Amino acid sequence: MRRLLRPLLLGAPALLLLCLGAPNDGRAGDPATVTVSGTVQFLGDAPAPSPVTITQDIDYCGKTALHNENLLVSASKGLANVVVYVQGVTGGKAAVPGVAKLDNTRCRYEPHVVAMVVGSELQIGNNDPILHNTHARLPKADVFNVALPMEGQVIERTIDKMGLMKVGCDAGHDWMSAWIATFDHPYFAVTAADGTFSIPDLPPGEYTLVTWHEKLGKRTQVIQATGGDLGVDLAYQ
Ligand SMILES: [Cu+2]
């Protein structure tokens, strides 16, 4: 059965709700909960990612063709690296801190966006034979700043601050950029390279679905997560 939701936009003229409703096959997960899944697309003309200029450790970093990763759009218009989360959930699953990874690999960060429950452990790795210095900041505070001089090194940090943190490298690699998002609930995801995401186990209810992209910003959308799994296809334009 396909269901329609109210096409209600909350102050988000640039976020389109393209398509709503998905069949609930009755097999996935707890039937008393809802999985919200879908695709975030970018409908504008996405320029090819621009190459970055290597100004430090040219002998090593220059071996790899590096590009600006702040707007990555797939051939099918899927928008990567969008943080998607559900606001206003009461009850439901506990937010359990876990383990996440952020690697310095070939003079870029992998992954580009990390989302995790606040209090999780972040394993910061260096897979390169050069110094990286991974520095995470909130708008008004440092979160961590670790030097990784050795290949194969991993430094662990517990991330106990809430928010969206910008990560850069203080070792002269100005092009290196990543983001960390922390949440006090488990209802979040980051879109894959094809723009897809899935947020399972929501207790039924009306919520605000939020999308955040580093270049395109934040949008909100009311969703009715009741009566079965919900497909929500969204687009920035
Ligand atoms: Cu670096």
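Read in order, the letters of the sequence shown are residues 923 to 1159 in this note's numbering. Even for Gly, the Cβ is constructed at its ideal location relative to N, Cα and C. Note that the coordinates shown come from a computational prediction; the quantities given were computed from them, not determined experimentally.
Review point. Do Val-956 and Asp-1151 have their CB atoms nearer than 7 Å?
Key: In the sequence shown, the residue the question calls residue 956 occupies position 34. In the sequence shown, the residue the question calls residue 1151 occupies position 229. It is a contact, given that the beta carbons lie within the stated cut-off.
Practice item. Please name the residue or residues paired with Glu-1043 in a DSSP beta bridge. Key: Position 121 of the sequence shown, counting from 1, holds the residue named residue 1043. Looking at the DSSP assignment, Glu-1043 forms a beta bridge with Val-1021, Thr-1080.
Review point. Quick one: any contact between the region 960 to 969 and the region 1072 to 1092, if contact means 3 or more CB pairs under 8 Å?
Key: no
Practice item. Would you be able to state if there are at least three C-beta pairs under 8 Å between the region 1137 to 1149 and the region 979 to 986? Key: no
Practice item. Counting only runs of 3+ residues fully inside the region 947 to 1012, write out the beta strand (DSSP E) ranges in chain order. Key: 956 to 964, 1005 to 1009
Review point. Just to confirm, does Met-1098 get its C-beta within under 6 Å of one of the non-hydrogen atoms of ligand 1?
Key: Counted from its first residue, the sequence shown places residue 1098 at position 176. Within the cutoff, so yes.
Exercise for review: Label Gly-1117 either buried or exposed according to how many other C-beta atoms from any shown protein chain fall within 10 Å of its C-beta, with 16 as the threshold for buried.
Suggested key: Walking along the sequence shown from the start, residue 1117 turns up at place 195. It counts as buried.
Practice item. Return the chain-ordered ranges of every beta strand (DSSP E) run that is complete within the region 1045 to 1072 and spans a minimum of 3 residues. Key: 1054 to 1060, 1063 to 1070
Review point. Would the C-beta of Cys-1091 count as close to ligand 1, meaning under 6 Å from any of its heavy atoms?
Key: Counted from its first residue, the sequence shown places residue 1091 at position 169. Under cutoff, so the answer is yes.
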